[in-house]
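In the numbering used here, the protein residues as written are 1 to 477.
Where is the CB? At the ideal position from N, CA and C, for every residue including glycine.
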Ligand SMILES: [Zn+2]
């Protein structure tokens, strides 16, 4: 019997606001433990949360970008559970009336667009973090760091529309593209800015009844997401084929072993006793507010890719590579805006630019799009050779110097003047009578020898295209 996987994802995205969701503390990562805290995010009695308007703006942006209905009224709820990193004993989240509902986005499945439903998007606060002394098993003390408590999160819940681990990965990638392009989350999975849980079950092909599902947590990369789902599908199919049953439970992905492990069963499942948060008023969002946010929506990755192909005539492959990171796309577009030919700019950005950015890591760039456009222009005019252009580019990338100055300093300018080159060509031909005879006897290959000699004589500064032209002209005399 063939089985079909049914997958739905719950993704938490940390929003890129300066301050926390219910207090004015900084959200900056990497500070000394508990530095960014106040009575509100420490959960002191008697304090009152105040909603950060930016969190609502960002969530509306996400809702609009994923075709959701934005609720005219939504409310916060308390999700009650005990854990030492949660000082209030409850998390402020949304439950019955989330801010966004009933949306969708499209993923690419074998070159065709497949629509994946978005059930809801809601806002909530993050919890703190426990730091254990040494290894967890042998630890004698645990510390709590509440810098992360009250940092704004957005949870995006999909419909169970995904039918394979590849589709789940494509969906996650598309979500990442959207939040990064919107500028509302940095999209870093490894650092936990984007976290993913999956609900997964399998059902016999042709069946309409969903199987019992398991929830998998702890997948912090696209690769782990795919691996965990692949493993879990196999595990569930094996169980059903053996005549046993899949148990509804929460499982953890162990990336070292590549397996999912049982974490807690249904009987241990939390009862969160949700109820409306009495300290926060309902959020009313009118058409004017939505309209204002709609105006600020930037071009998304899928739209950019389509425009690059349609308006700039560059290949789909290039468009995909150039838009993978929003900064790269911006650099490319500005280079074209500075007058560079799109395909040439694309080759540079995908080639030398990408290579150097990768080598330098996160160091700030010294090169500006206008400088790359100038280098491309110099090659077009024959003022420098293609290989000299790479040297100039690398130097500008390192130092930020003006490309023309680098060409001057390094003596890289190329001679394209026919008259000047003709003189060198004549000397080479006079010095090689045997080869001239061979050429005139029909051996075309000797031309390469002459080009090499001229380049040597000019210390590589002659424009090879002009050298070829002049050689052919003089040899045909
Ligand atoms: Zn605070």
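Residue from the options whose Cα sits closest to the Cα of residue i
| i | options | result |
| --- | --- | --- |
| residue 7 | 298, 151 and 170 | 170 |
| residue 247 | 211, 281 and 277 | 211 |
| residue 4 | 77, 133, 206 and 159 | 206 |
| residue 159 | 88, 142, 117 and 181 | 117 |
| residue 126 | 33, 385, 354 and 149 | 149 |
| residue 129 | 137, 135 and 142 | 142 |
| residue 25 | 329, 40 and 11 | 40 |
| residue 297 | 252, 368, 216 and 179 | 179 |
| residue 49 | 27, 33, 35 and 20 | 20 |
| residue 327 | 218, 317, 369 and 359 | 369 |
| residue 272 | 138, 113, 352 and 93 | 93 |
Where the alpha helix (DSSP H) through residue i begins and ends
| i | result |
| --- | --- |
| residue 308 | 301 to 312 |
| residue 47 | Per DSSP, residue 47 belongs to no alpha helix (DSSP H) and is neither H nor E. |
| residue 63 | 53 to 65 |
| residue 34 | Run containing residue 34: none; DSSP gives neither H nor E here. |
| residue 548 | Outside the modelled stretch of the chain, which goes from 1 to 477, sits residue 548, for which no answer is possible. |
| residue 370 | 369 to 380 |
| residue 219 | That residue, residue 219, is in no alpha helix (DSSP H); its beta strand (DSSP E) goes 214 to 219. |
Pairwise C-alpha distance: residue j and residue i
| i | j | result |
| --- | --- | --- |
| residue 190 | residue 295 | 32 Å |
| residue 378 | residue 145 | 55 Å |
| residue 196 | residue 162 | 14 Å |
| residue 338 | residue 184 | 28 Å |
| residue 432 | residue 423 | 15 Å |
| residue 256 | residue 460 | 53 Å |
| residue 475 | residue 447 | 10 Å |
| residue 466 | residue 349 | 28 Å |
| residue 154 | residue 325 | 21 Å |
| residue 439 | residue 426 | 15 Å |
6 Å Cβ shell around residue i - same chain, five flanking residues per side excluded
| i | result |
| --- | --- |
| residue 340 | 373 and 376 |
| residue 389 | 375 and 379 |
| residue 103 | 66, 67, 68 and 118 |
| residue 282 | 73 and 75 |
CB of residue i within 8 Å of CB of residue j, strictly
| i | j | result |
| --- | --- | --- |
| residue 77 | residue 275 | yes |
| residue 284 | residue 96 | no |
| residue 152 | residue 120 | no |
| residue 392 | residue 407 | yes |
| residue 167 | residue 124 | no |
| residue 463 | residue 451 | no |
| residue 344 | residue 314 | no |
| residue 18 | residue 293 | no |
| residue 43 | residue 87 | yes |
| residue 329 | residue 304 | yes |
Cut-off 7 Å between Cβ atoms - residues of its own chain near residue i, not counting five sequence neighbours on either side
| i | result |
| --- | --- |
| residue 213 | 199, 200, 201 and 248 |
| residue 237 | 3 and 202 |
| residue 384 | 378, 392, 407, 412, 413 and 414 |
| residue 258 | 227 and 231 |
| residue 261 | 251, 252 and 254 |
Where the beta strand (DSSP E) containing residue i begins and where it ends
| i | result |
| --- | --- |
| residue 240 | Taken as a continuous stretch (DSSP letters only), residue 240 belongs to no beta strand (DSSP E), being part of the alpha helix (DSSP H) at 222 to 241. |
| residue 90 | 90 to 93 |
| residue 77 | 77 to 80 |
| residue 103 | 100 to 109 |
| residue 197 | 194 to 204 |
Own chain residues within Cβ distance below 8 Å of residue i, not counting five before or after
| i | result |
| --- | --- |
| residue 70 | 60, 63, 64, 99, 100, 285 and 290 |
| residue 193 | 13, 14, 185, 186 and 187 |
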